[in-house]
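All remarks here apply to the structure that follows.
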Amino acid sequence: MRVPLTKPAPDFTRLRQSLMLEGCPDRMPPMELFCDIEIMCAVLGKSPDQYEKLDYVRFQQMMGYDYLNAQVHMPAVFARLEIDEQNPESLASKRVFQDEHSGPIQTWEALEAFQWPTVETSDFSEFDLYRKHLPKGMKLIAWLGGFFENVSWSTGIEPFCYKLVDDRPFVAKLFQEWGRYAIEVSRVAMDKPDVAAYWLSDDLGFNSGPFMPPADCREFVFPVYAELGRMCRERDIPFILHSCGRLHVIMDDLIECGVNCLHSLPPNLYDLRENKRRWGDRLAFAGNIDLNILGMGTTEDTRRAVRGVKEAWAADPAGGMILSSANTVANYCKVENYLAMMDELLA
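Residue numbers for the sequence shown follow our numbering, so the first one is 5 and each next one is one higher.
In structure tokens form, the structure reads like this:
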């Protein structure tokens, strides 16, 4: 087993080269939006209640990553649903879900009274903390959670879908306010020292397509994405988008907005070779290791899946892909499968 590494040698240029389609690096790099604390602590040999933020730095080094994700944290404005974990093999004790049926902004009165988050009320402390402990060869990735997500969570996705038809000015106002916030905090995050990429986590769809018709995405979502893309180009940093869902019908729009890399590509929705054939000259891809395999498969199932991604990466023209889970390394994944994934990458 090659991981955890005893002598890590991170090199962000390898990741940038892959994200920006600047040729083929010496090997495919790995990248995750995040690994759950339970997974990191299992690798580090400590219990989750002992976790400290700097453990993330050590974990990223040990597992061969070339970056640290520094997240912008906004004030808590959305309620979450919580239930006890039902899977006896999971490392977690609770499951947390977003409320699909409701949210804090259901009426115009609530919208007008809502206390919108600002740069001043947001937490950028991870940028300073991780920069102080940034290993040689690594860079920071500025990570912002949500834009469309914040809009839909404001009402709950079900009421949002009704309002998209019944009260479009209401929906437009939500997009306007959350778009303003996304742009303002992203500008601050991008300009933090040692930030070398920008990652927007924003679920746009589900297994059969985007939540909204492409025309509505073009009206409400993509103007903000285009501004984020312009800001990234101005700073010469990659624009990474994490989104769940089958996004084939808006892939060209995402590219036009300036997205450089799409994550996380579940294999039941995306064929990496086909992705590469259709969009690989304009877009990099990260992901494709099925969480069903990481959670319920064997180490050999995992290694076989990694070999498939490596074969797609090596297909002419080589490059343009980053190894990642097809979402995040959740706490119901088997630790041995996660280690097998990272070990097979280096094989």
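Where a beta carbon is used, it is the ideal one built from N, C-alpha and C, also for glycine.
Can the beta-carbon of residue i be found closer than 8 Å to that of residue j?
i: Q102; j: W157; result: yes
i: D207; j: E162; result: no
i: P227; j: I254; result: no
i: L133; j: L204; result: no
i: G68; j: P12; result: yes
i: M142; j: S190; result: no
i: A46; j: L95; result: yes
i: L115; j: K177; result: yes
i: F243; j: L232; result: yes
i: G324; j: L9; result: no
i: S329; j: E36; result: yes
i: P14; j: D70; result: yes
i: R6; j: D347; result: yes
i: L245; j: M32; result: no
i: C248; j: G209; result: yes
i: E89; j: S97; result: yes
i: T159; j: G107; result: yes
i: P34; j: L349; result: yes
i: V123; j: E188; result: yes
i: G183; j: A230; result: no
i: L23; j: A201; result: yes
i: T125; j: P79; result: yes
i: E130; j: A74; result: yes
i: A186; j: F164; result: no
i: F179; j: F224; result: yes
i: F16; j: M44; result: no
i: L144; j: D220; result: no
i: A322; j: C28; result: yes
Quick check on residue i: does DSSP put it in helix, strand or coil?
i: M325; result: strand
i: K11; result: coil
i: P217; result: coil
i: Y134; result: helix
i: P227; result: helix
i: L168; result: helix
i: L19; result: helix
i: P173; result: helix
i: P163; result: helix
Name the two residues that bound the continuous alpha helix (DSSP H) containing residue i.
i: I259; result: 255-261
i: W283; result: 276-283
i: S212; result: Looking at the DSSP string, S212 is not in any alpha helix (DSSP H), and its letter there is neither H nor E.
i: I307; result: The question names Ile, but residue 307 is Arg in the sequence shown. Note, R307: alpha helix (DSSP H), 303-318.
i: M346; result: 339-349
Using 8 Å for Cβ pairs, my map puts residue i next to residue j. What's the rounded Cβ distance?
i: N341; j: I297; result: 7 Å
i: C337; j: L295; result: 7 Å
i: A193; j: V76; result: 5 Å
i: V81; j: P121; result: 7 Å
i: N211; j: L273; result: 6 Å
i: A334; j: R307; result: Not confirmed; about 19 Å, so no contact.
i: A319; j: R277; result: 6 Å
i: D257; j: R222; result: 6 Å
Can you tell me where the beta strand (DSSP E) with residue i in it begins and where it stops?
i: V199; result: 199-205
i: F289; result: 288-293
i: G149; result: 143-149
i: S268; result: 265-268
i: L245; result: 243-246
*What are the complete alpha helix (DSSP H) segments, minimum 4 residues, inside the segment 86-129?*
Qualifying alpha helix (DSSP H) stretches, in chain order: 112-117.
_Entirely enclosed alpha helix (DSSP H) segments - the segment 37-86, minimum 4 residues_ = 41-48, 59-66
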